[in-house]
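Reviewing the structure listed below.
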Amino acid sequence: METTYSNDPLLLNLYRCCTAPGGWQAVLDRLCDEVGAHSAIMQAIAFADDHQGRTYWCAHDSRTDVNAYRALISDANNPRMDRRRGLPVIGRFVGDEQLFTSREDLRQQQRLQRQLADLGLGRFLGALLPIGGDRFMAMVLHRPAGNDTAFGEADQQRLAGLLPHFGQAAELSLSVHGERKLEQILSACLDRWQCGLVVCDADGRVQWMNRPAQDRIARHGALHLRDGLLHAHGDKAARLRHALMPRSIAHGRATFFTLDHAAHRLHLAVQPLTRVDGIADAGGALVMISDGNLAGEIPAAALAALFDLTEAESRLASALVQGDTLEQYAQRRGVSIGTVRYQLKQVLSKTGTNRQSELMRKVLCSAAAHAAGFQSASMH
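Take any residue in the sequence shown, count from 1 to its spot, add 17: that is its number in the working numbering.
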């Protein structure tokens, strides 16, 4: 039976790579076997103002050693990565004979081929596809070192038919990779947030939670997970269930209540998730969990940077927010109460506040409060 693109095994495996990037190597190995290549690479390239391309994403077969290429040649010293060579032949497969046409070009080509031979790579065939702005997707193939046999017409026709599919799959793979990377970054940032965050769907099932939420659920006992649902102990259980029901979420108003268990109290806020236009659509809820305490000290270095405090003044401000009295702080630091009162006067002046309560409000609303519990803070 004739193979068409709709039932081509190579393409079926190729598009799986969009969500399973580990499959690229096997697909490119198979492509090498089909067309007699030793190496096959898909790479996303951005061109800088100096015309030299830079690879920012890459997939390759099992034989290609990308690290060895970077060490021996690198994009910065690869004449094929010059925009002025690649753009005139965009969208079709070309060899070095189409890229290097002048006598000076020939010297650069010969030097590059000697370097590539040291990496086990021979005759070249490649194509460039635009993906937006100064960004392009490239397919690069090489024969083994010492093999200068041109790729045959049938192989080139096969590659020309595959090129748009490989370009699209690589672009989708890059997009999914970028989204997953951003998701990991955001998740890591939210894990360092003071507040516990739980995202529930319209049926009240937990879809995601950050580390502070996991810790508070595990540690306090007032909340627990059962069959994927968030449950409360005691007389507040029904209230939590009601707050997570679709009809409650659809009202668009947040629900606030406390949960007590043994000697612990948790503060909960159940906030309907909204669309981009700000309308609650009963698509789920965000549950915010707080135990009323800061996770760690507010970094004195952060307060010093934000309010132009001295080291001694910033330490005092941090201690007051943690609950120290002036007397306790003076005793702990081994200084007189008069010295501490003078430092407080300076802190109030520099922060534009008149009373300790105003100072607490300003500090707790500052970026420094969100850095509590971080390992370090830099002063800039």
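Every residue, glycine too, gets a C-beta built ideally from N, C-alpha and C. Computed from a prediction, not measured in an experiment: that's the story for all the values here.
Can you round the beta-carbon distance between residue 78 and residue 42 to whole angstroms, since I take them to be within the 8 angstroms contact cut? 6 angstroms
In angstroms with no decimal places, state the Cα-to-Cα distance between residue 264 and residue 30. 44 angstroms
I need the boundaries of the alpha helix (DSSP H) containing residue 49, first residue and last residue. Run containing residue 49: 41–52, per the alpha helix (DSSP H) assignment.
Spatially closest choice to residue 254 from 226, 236, 285, 227, by CA coordinates: 285
Residue span of the beta strand (DSSP E) that contains residue 81, given as start and end: No beta strand (DSSP E) contains residue 81, which DSSP labels as neither H nor E.
If you count every other CB in all the chains shown that lies within 10 Å of the CB of residue 71, and 16 or more means buried, which is it? The Cβ neighbour count for residue 71, taken over all protein chains shown within 10 Å, is under 16; the residue is labelled exposed.
Mapping DSSP to helix, strand and coil, what is residue 262? coil
Cutting at 7 angstroms between CB atoms, please list the residues of its own chain near residue 360, excluding the five before and the five after it. 329, 330, 333, listed in sequence order.
Among 233, 207, 315, 271, which one has its Cα closest to the Cα of residue 277? 233
Looking at C-beta atoms only, is the number of pairs between the segment 153–166 and the segment 42–56 that lie closer than 8 angstroms three or more? yes
Does DSSP classify residue 211 as helix, strand or coil? coil
Among 282, 257, 283, which one has its Cα closest to the Cα of residue 272? 257
So residue 377 packs on residue 338, CB below 8 angstroms; how close in whole Å? 6 angstroms
Kindly indicate the opening and closing residues of the alpha helix (DSSP H) around residue 324. 317–324
For residue 342, name the three-state secondary structure that DSSP assigns. coil
Do residue 110 and residue 137 have their CB atoms nearer than 8 angstroms? For residue 110 and residue 137, no; Cβs fall outside 8 angstroms.
Can you tell me whether DSSP reads residue 109 as helix, strand or coil? coil
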